[in-house]
Amino acid sequence: MIRPIIKDALFLGQKSVPATPDDIPVADDLLDTLRAHSAECVGMAANMIGVKKRIIVVDLGGMAMEMFNPRIISHSVPYEAVEGCLSHYGARSVTRYKNIKVEWKTRSFQTRTQTFTGNIAQIIQHEIDHCNGVII
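What follows is the structure in structure tokens.
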């Protein structure tokens, strides 16, 4: 189901709680909502659709990856970026890392660890910020 995008800074500024297998329908709604906004959006976190759970989805160029309870376990090569977000108007400056190593759970709640670089790494960092209540 396509859900409305939340723009309430008070809600978005709260930390999300860990996701469980019961939250898989939230990931489905998140994927539907990402697809509906594909012209202007490359990633989303569950709090952007009103659910304070640690779930993100990232567009990998036509294929979406979902991550339950993602966390960055290492990072390197900081740089300054300017990002926009569907949850607010305009673009803002933020420090990102070119390389990140992320641990997360799959839809079947198996643990995965992978290193991401470049644009995908930046998107993941942005969405994990959402999970942590950080609004860029």
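All residue numbers for the sequence shown refer to the numbering used here, where the first residue is 20 and numbers rise by one. Where is the CB? At the ideal position from N, CA and C, for every residue including glycine.
Per DSSP, which one or two residues make a beta bridge with residue i?
i: C104; result: H107
i: I119; result: H94, F135
Check the C-beta distance from residue i over to residue j and give it rounded, since I have them as a contact under 8 angstroms.
i: I143; j: V77; result: 6 angstroms
i: S35; j: N66; result: 6 angstroms
Comparing alpha-carbon positions, which option in the options lies nearest residue i?
i: V121; options: M86, V113, L105; result: M86
i: K117; options: T134, F128, H107, C104; result: T134
i: R126; options: M20, Y98, A46; result: A46
i: H145; options: Y108, F30, G81, V101; result: V101
i: I139; options: C150, I75, G152, G109; result: I75
i: H56; options: L31, I21, K124, L29; result: I21
Mind checking residue i: buried by the 16 CB within 10 Å criterion, or exposed?
i: E59; result: exposed
i: Q129; result: exposed
i: G109; result: exposed
i: T132; result: exposed
Runs of 3 residues minimum, wholly inside the segment 38 to 77: which ones carry the beta strand (DSSP E) assignment? 62 to 64
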